[in-house]
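J.: Below is a structure I'd like to ask you about.
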Amino acid sequence: MPKELPGFYYDTGKNRYFPMKGPIPGSSRKRKSPRPILSNTEKDKGKFMKSRSDKLLHIRELCGKVIASRKGKLNFQREFLKKQASYPLISKYDGTQRVVDSALENLTVDINLAEGLLNTDILLTGGMNGSLCIFEVGKVEQGFNQGVKCLPDRVWPLKVGYREGYCDSPGHLWRPPGAFIHMPSNVSCIKMSQKHPASFSETSSKNVFITTLGAEASGGTVYILNLSEPLDFSSTIPTFRRRISEITSFDHTVWTADCSHDQKRAVVGTNRGAAILDIETGVKSWVCRSKSDVFSIRFDNSENVVLCGLRNGTILAVDTRQKPGDFSGRLPQNRIPSHPEGHSTMGRSSARDPFQIKGKMYNTISMPSSVCCLASLKLYDQCFLASSMDGSIKLYDHRLMRGAIQSYEGNKNSHSRIQVGVDPSETIVMSGGEDYHLRLWSIKSGELLFEDKFMDTIPSVVCWPNTEGLQGVGRHKQGAWLGSEEGLFFMDWP
């Protein structure tokens, strides 16, 4: 009897061994197990993660910062950040309901402790109910016996054992006693300089710009929160309210505002146009008058031009360089023509009709619906993002001021003012929708990186800590803070 050799069989007729390349004649064939059926969600997530992190690292070692692909040469760091963005970890903080659905800012300040000064992160939040709060991020609470402690709870993903052992939040939040006040009306805006780092230690000014919407009997008001001295929450006398001072008030609804990088000037959007404000003197003057509300406003990078997003869907570029004058000074009149991009599926839109604007302005853009958010970019200083109330999110170029150079598809909106967020590396754009989903896109390609629902209200505000992108200093610096009527959320990446 011939010996059995692994991988070969013996043919007695031919008296030789043959390799077993296929099934032996007469033997039973094994049935192939069917491939597991993947859900649409799993298929979509699979698309996002075609290139694994280890493969990207391997390519980086071989090719440096450039990855060659069918789409051309890609930047390694941007591709890696996109893969990270596809799989976030999200936590919800208890005890934060109805205080962070209209405004949110993250900053670093000094706080007085018995042991001395402590440099720590705080969140300044504003609500549609008029609430204004300070939350300290995870350090100071242990030194005091009072205040409200807010603990995080994982809300996405809910799969047990997913990235087990990874710390997915910056710790608890603590609201000190006296760090909660009610403003006269809804908090419509909280702004600090967007061109400085989050730490006040490196800025020329230590103030935070706050506006209220206004009520039926009175218009909106502009305030300054003075943080020139360290916060002291151990005092029995509340000091938070005493640090807030009124700069000026309007006879109109104040929807939005933005401040210059030296925090000496601000521009305010109202239901009658846009006004420039000297923060030190409180003197204000109109730069644009319109019968259509200015829902969104933003300085461009030169700070000589202000972008105004109107209720009728028009985006104006207004020149702020003008002779000093009183608040009722005359402005040049402009007739804004109709734009084909102002088309609305609900019938004829007012954005398509010619209308009168007073102010010194350049070219205009028309979006399909009311402009709810504008965001300027730093790396691409000629570009800005705009979103409208039909769900459109687009990237425009100041030099072209015609059609969009990029679109971000899939968002849902019909009437809500929802903020658009951009990470500090300007790789990712984020927005919530009226379907309660949060979506992330690649700024450059428009590719949808993440889409999921983990709350039962609209994610209306977003704040990225001002660091070098998702790879910032300290683990909690990597993530983004989200706000809705349901409360505060933190989105983190490994």
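With the UniProt record's numbering, the residue at position 453 of the sequence shown is 453, and numbering never jumps. Cβ atoms here follow ideal geometry from the backbone N, Cα and C, with glycine treated the same way.
1) Select from I244, D153, S188 the residue whose C-alpha is nearest the C-alpha of F180.
2) For the beta strand (DSSP E) holding L385, just list the boundary residues, first then last.
3) Mind reading off the beta-carbon distance from L379 to E426? Whole number of angstroms is fine, and I expect it under 8 Å.
4) For A386, is the classification buried or exposed, using 16 other Cβ atoms within 10 angstroms of its Cβ as the cut-off for buried?
5) Distance check for L395 and G469, CA to CA, integer angstroms please.
6) Hey, how far is the Cα of residue 497 from the Cα of E4?
7) Give every residue of the same chain whose Cβ lies closer than 8 Å to the Cβ of L449, excluding the five residues on either side of it in the sequence, and list them in chain order.
8) Could you tell me the alpha carbon to alpha carbon distance between V222 and I276, rounded to whole angstroms?
9) Can you list, in chain order, the stretches of the beta strand (DSSP E) that have 3 or more residues and sit fully within the segment 377-449?
10) Rounded to whole angstroms, what's the CA-CA distance from G269 to G219? Just pull it up for me.
11) Can you tell me where the alpha helix (DSSP H) with R78 in it begins and where it stops?
12) Taking the beta strand (DSSP E) that K284 falls in, what are its first and last residues?
13) How about C308 and A257: are their beta carbons less than 9 Å apart?
14) From R154, L374, P176, pick the residue whose C-alpha is nearest to that of E94; which is it?
15) R154 by DSSP, collapsed to three states: which one?
16) Excluding sequence positions up to five away, which residues of its chain have a Cβ less than 7 Å from the Cβ of D232?
17) Considering only their Cβ atoms, is the gap separating V462 from Q419 smaller than 9 Å?
18) Does DSSP put R242 in a helix, a strand or coil?
19) What number of angstroms, rounded off, separates the C-alpha of N271 from the C-alpha of G214?
20) Give the C-beta separation of K92 and P157 to the nearest angstrom, bearing in mind that I take them to be a contact with Cβ-Cβ under 8 Å.
21) Whose C-beta lies closer than 6 Å to the C-beta of P177 among residues of the same chain, with five residues either side of it excluded?
22) For my contact list, M183 and L123 are in at a C-beta cut-off of 8 Å; report their separation, rounded to the angstrom.
23) Pull the bridge partners of P19 from the DSSP assignment, please.
24) In angstroms with no decimal places, state the Cα-to-Cα distance between S228 and N207.
25) Are residue 566 and T212 close, meaning C-beta to C-beta below 9 Å?
26) According to DSSP, what are the bridge partners of I279?
27) Closest to M430 by CA distance: which of V283, P459, R402, M455 is it?
28) Among F209, C373, P2, which has the Cα closest to the Cα of G13?
29) To the nearest whole angstrom, what separates the beta carbons of S285 and R311, a pair I think is in contact under 8 Å?
30) Going by CA-CA distance only, name the one from S185, A274, I357 that's closest to A217.
31) For G127, collect the residues of the same chain with a Cβ closer than 7 Å to its Cβ; drop the 5 residues on either side in sequence, then sort them by chain order.
32) By alpha-carbon positions, which one of A274, K264, P424, T364 ends up nearest to D251?
33) Mind reading off the beta-carbon distance from W464 to D423? Whole number of angstroms is fine, and I expect it under 8 Å.
34) Which class does Q333 belong to by DSSP, given the choice of helix, strand or coil?
35) With 16 other CB atoms within 10 Å as the buried threshold, where does F295 fall?
T.: Walking through what the data contain:
1) Residue 180 sits at position 180 when you count from the first residue of the sequence shown. Closest option to F180, Cα to Cα, is I244.
2) Position 385 of the sequence shown, counting from 1, holds the residue named residue 385. Here the beta strand (DSSP E) through L385 covers 383-388.
3) Start at 1 with the first residue of the sequence shown, and residue 379 comes out as number 379. Start at 1 with the first residue of the sequence shown, and residue 426 comes out as number 426. About 5 Å separates the CB atoms of L379 and E426; that is less than 8 Å, so the two are in contact.
4) To locate residue 386, count along the sequence shown from 1; it is residue 386. Label assigned to A386: buried.
5) On the sequence shown, residue 469 is found 469 positions in, with the first residue counted as 1. On the sequence shown, residue 395 is found 395 positions in, with the first residue counted as 1. Annotation note: pLDDT 38 at G469 (below 50); position unreliable, coordinate value reported separately. Distance between the alpha carbons of G469 and L395: 20 Å.
6) The requested residue 497 does not occur in the structure, where the chain is confined to residues 1 to 494.
7) In the sequence shown, counting from the first residue as 1, residue 449 sits at position 449. Excluding sequence positions up to five before and after L449, its CB lies within less than 8 Å of the CB of F48, K82, A85, S86, I428, L440, W441, S442, all in the same chain and listed in chain order.
8) Taking the first residue of the sequence shown as position 1, residue 222 is located at position 222. Taking the first residue of the sequence shown as position 1, residue 276 is located at position 276. Approximately 12 Å, taken between the alpha carbons.
9) When DSSP assignments are scanned along the segment 377-449, the uninterrupted stretches of beta strand (DSSP E) that are 3 or more residues long and fall wholly within it turn out to be 383-388, 393-397, 420-422, 428-432, 437-442.
10) What you label residue 269 is simply residue 269 of the sequence shown in a count that begins at 1. What you label residue 219 is simply residue 219 of the sequence shown in a count that begins at 1. The alpha-carbon atoms of G269 and G219 are separated by roughly 12 Å.
11) Locating residue 78 in the sequence shown gives position 78, where the first residue counts as 1. For R78, the enclosing alpha helix (DSSP H) starts and ends at 76-85.
12) Along the sequence shown, read from residue 1 onward, the residue named residue 284 stands at position 284. It spans 284-289 - the beta strand (DSSP E) in which K284 sits, taken as one unbroken run.
13) As a first step, residue 308 is located in the sequence shown; it is residue number 308 there, counting from the start. As a first step, residue 257 is located in the sequence shown; it is residue number 257 there, counting from the start. No, the Cβ-Cβ distance between C308 and A257 is not below 9 Å.
14) Mapped onto the sequence shown, residue 94 falls at position 94. According to the sequence displayed, residue 94 carries Asp and not Glu. Shortest Cα-Cα distance from D94 to any of R154, L374, P176 involves R154.
15) As a working mapping, residue 154 is identified with position 154 in the sequence shown. In the structure shown, R154 falls within a strand segment according to DSSP collapsed to helix, strand and coil.
16) Residue mapping note: residue 232 aligns to position 232 of the sequence shown, counting from 1. The beta carbon of D232 is closer than 7 Å to those of N112, T239 in its chain, skipping five residues each way along the sequence.
17) Translated into positions along the sequence shown, residue 419 becomes position 419. Translated into positions along the sequence shown, residue 462 becomes position 462. With a cutoff of 9 Å on beta-carbon distance, Q419 and V462 are scored as near each other.
18) Translated into positions along the sequence shown, residue 242 becomes position 242. Here DSSP, grouped into helix, strand and coil, assigns R242 to helix.
19) Translated into positions along the sequence shown, residue 271 becomes position 271. Translated into positions along the sequence shown, residue 214 becomes position 214. Distance between the alpha carbons of N271 and G214: 11 Å.
20) In the sequence shown, the residue the question calls residue 92 occupies position 92. In the sequence shown, the residue the question calls residue 157 occupies position 157. Between the beta-carbon of K92 and that of P157 there is about 13 Å, and that puts the pair past the 8 Å contact cut.
21) Residue numbering aside, residue 177 sits at position 177 when the sequence shown is read from its first letter. Apart from sequence neighbours up to five positions away, the residues of its chain that approach P177 with a beta-carbon distance below 6 Å are Q146, G147, ordered along the chain.
22) On the sequence shown, position 183 is the one that residue 183 refers to. On the sequence shown, position 123 is the one that residue 123 refers to. M183 to L123, Cβ: 17 Å. No contact.
23) Locating residue 19 in the sequence shown gives position 19, counting from the first residue. Answer is F8.
24) What you label residue 228 is simply residue 228 of the sequence shown in a count that begins at 1. What you label residue 207 is simply residue 207 of the sequence shown in a count that begins at 1. Those two C-alpha atoms are separated by around 7 Å.
25) An answer regarding residue 566 cannot be provided, because it is not within the stretch 1 to 494 covered by the chain.
26) Reading the sequence shown from its first residue, position 279 is the one you call residue 279. Paired residue(s): none; I279 is not in a bridge.
27) Here the question's residue 430 lines up with position 430 in the sequence shown. Nearest neighbour of M430 by Cα position, chosen from V283, P459, R402, M455, turns out to be P459.
28) Here residue 13 is taken as the residue at index 13 of the sequence shown, counted from 1. Selected option, being the one with the closest Cα: P2.
29) Sequence index remark: in the sequence shown, residue 285 carries index 285 (1-based). Sequence index remark: in the sequence shown, residue 311 carries index 311 (1-based). No, S285 and R311 are not in contact; Cβ-Cβ is about 22 Å, not under 8 Å.
30) Mapped onto the sequence shown, residue 217 falls at position 217. Per the Cα distances, S185.
31) In the sequence shown, the residue the question calls residue 127 occupies position 127. Counting only Cβ-Cβ distances below 7 Å, and skipping sequence neighbours, we find R98, V99, V100, D101, S102, V187.
32) As a first step, residue 251 is located in the sequence shown; it is residue number 251 there, counting from the start. Scanning A274, K264, P424, T364 for the CA closest to the CA of D251 turns up A274.
33) By 1-based counting over the sequence shown, the position of residue 464 is 464. By 1-based counting over the sequence shown, the position of residue 423 is 423. Between W464 and D423 a beta carbon distance of about 5 Å is seen, short of the 8 Å cut, so the two are scored as contacting.
34) Within the sequence shown, residue 333 is the residue found at index 333, counting from 1. Residue state, collapsed to three classes: strand.
35) Translated into positions along the sequence shown, residue 295 becomes position 295. That one is buried.
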